[in-house]
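Take 2 as the starting number for the sequence shown in the numbering used here and just add one per residue. Don't be surprised by glycine CBs; every beta carbon is placed ideally from N, CA and C. Quick caveat: nothing in here was measured; it's all calculated off a predicted structure.
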Amino acid sequence: PPPDTSTTRPQVGPWYGEADMHKGHRRAERVEFDALQAFWPALQVLAGELRPAAATFEAFHSLWRKFNALPERFDVDRGKLHDTLAYYPLRPELAESCYALYHATRDARYLQIGAEMVTSLNSAARTFFGFAAIKSVRSMALEDQMPSFFLAETLKYLYLLFDEASFANTHAESYVFTTEGHLIPLSTAFHGPGPAPPTDEQLSAYGVLQLRELIARASLPHGDCIEKGQLRERARLAARRLEAERRSEVEARQAQDPRKLVCRTPASS
2 PPPDTSTTRP QVGPWYGEAD MHKGHRRAER VEFDALQAFW PALQVLAGEL RPAAATFEAF
62 HSLWRKFNAL PERFDVDRGK LHDTLAYYPL RPELAESCYA LYHATRDARY LQIGAEMVTS
122 LNSAARTFFG FAAIKSVRSM ALEDQMPSFF LAETLKYLYL LFDEASFANT HAESYVFTTE
182 GHLIPLSTAF HGPGPAPPTD EQLSAYGVLQ LRELIARASL PHGDCIEKGQ LRERARLAAR
242 RLEAERRSEV EARQAQDPRK LVCRTPASS
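Put into structure tokens, the structure is as follows:
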């Protein structure tokens, strides 16, 4: 008969237990959730496993709904918090998975979940000078510290979730986030000059989102543009700036072209 894997396989429904990396067996009979596991749905998205990613994310997010934060450890089988690991140090992993699932599915539910997370953070962790780690989700008492990864990762993913015109979103097919929230290019080739910006005639056919993306590429603001005509005028300015930058880059590359270097013969005395 096949071996009984009911207590050895890492996955139990949408949850995962800790496994022995050498033997592949689950380390304990009970399934316990660890907060760092919350990155897993984002990795499943990258692997194309959207349905399992959504199911696991729902399970992990249920803990946030229950506690208005994500406890460091939770005993899934017993349905209770860990005796000592009940703190929430403002970790980013659940926000990372929410961001990945939204951009993979465009399901507005993930925007709603992101908004709920922002509301929870503002109500439970915000202080006069910033945000504080939560000492225990039982009492919601705060610690006198804010981890740097809260700014570098947690807020970054929540911000990008709602900012469609950001560089990370408009160039999503060319980059991937590391586990520390840094962008790395998917290609190792040297980047050449970007494509020529649109002409005035082409701009006339642009929609609002395309105009905003073009303006953002030129690092210009657009929040003050109320009418579409104002947005298009700002986009024309952005196109001129991008074209000037592109020409400058082309000229710089040409100046560095080794084929243009000339060896001069010393003048004869």
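Looking only at DSSP bridge pairs, what is residue i linked to?
i      : result
Leu64  : BP columns for Leu64 are empty, so no partner.
Val119 : Beta-bridge pairing links Val119 to no other residue.
Asp35  : Arg74
Tyr89  : Ile135
Lys81  : Asp76
Phe128 : A small correction: the amino acid at residue 128 is Thr; Phe does not occupy that position in the sequence shown. Gly131.
Could you have a look at residue i and say whether DSSP puts it in helix, strand or coil?
i      : result
Cys264 : Confidence at Cys264 is low in this model, with a pLDDT of 44, below 50, so the placement of that residue should be treated as unreliable; the coordinate-derived value is given next. Looking at Cys264 - three-state DSSP - the assignment turns out to be coil, as it is neither helix nor strand.
Asp5   : At Asp5, the pLDDT of 40 sits below 50, so the modelled position is not reliable; the number obtained from the coordinates is stated separately. Looking at Asp5 - three-state DSSP - the assignment turns out to be coil, as it is neither helix nor strand.
Pro15  : coil
Tyr207 : coil
Ala105 : helix
Gly49  : coil
Ser269 : With a pLDDT of 48 at Ser269, under the threshold of 50, the predicted position of this residue should be treated as unreliable, and no value is reported.
Ala43  : helix
Val224 : Going by the sequence as given, residue 224 is Gly instead of Val. Coil.
Ala219 : coil
Thr57  : helix
Ala240 : helix
Ala197 : coil
As a quick exercise: from the options, pick the residue whose alpha carbon is nearest that of residue i.
i      : options                        : result
Gly224 : Asp84, Asp164, Tyr158          : Asp164
Leu241 : Lys229, Ala253, Pro196, Leu162 : A small correction: the amino acid at residue 241 is Arg; Leu does not occupy that position in the sequence shown. Residue Pro196 is the option with its Cα nearest to Arg241.
Gly18  : Glu117, Asp76, Ala55, Pro42    : Asp76
Asp230 : Leu221, Val209, Arg66, Leu51   : For the sequence presented, residue 230 should be read as Gly rather than Asp. Nearest of Leu221, Val209, Arg66, Leu51 to Gly230, Cα basis: Val209.
Ser205 : Ala60, Arg237, Ala55           : Arg237
Glu73  : Ala48, Asn123, Cys99, Gln38    : Gln38
Ala56  : Leu221, Thr85, Gln12           : Gln12
Pro53  : Ala70, Tyr88, Val32, Gly14     : Gly14
Runs of alpha helix (DSSP H) lying entirely within the stretch 141–189, each at least 4 residues, in chain order:
156–163, 168–171
Report yes or no: do three or more beta-carbon pairs, one from the stretch 101–112 and one from the stretch 123–135, lie closer than 8 Å?
no
Please confirm if the stretch 141–148 is in contact with the stretch 168–175, defined as three or more CB-CB distances below 8 Å between the two stretches.
no
Below 8 Å, how does it come out for the stretch 118–129 and the stretch 175–189: are there three or more Cβ pairs, yes or no?
no
Check whether the stretch 43–52 and the stretch 97–104 are in contact - that is, three or more C-beta pairs closer than 8 Å.
yes
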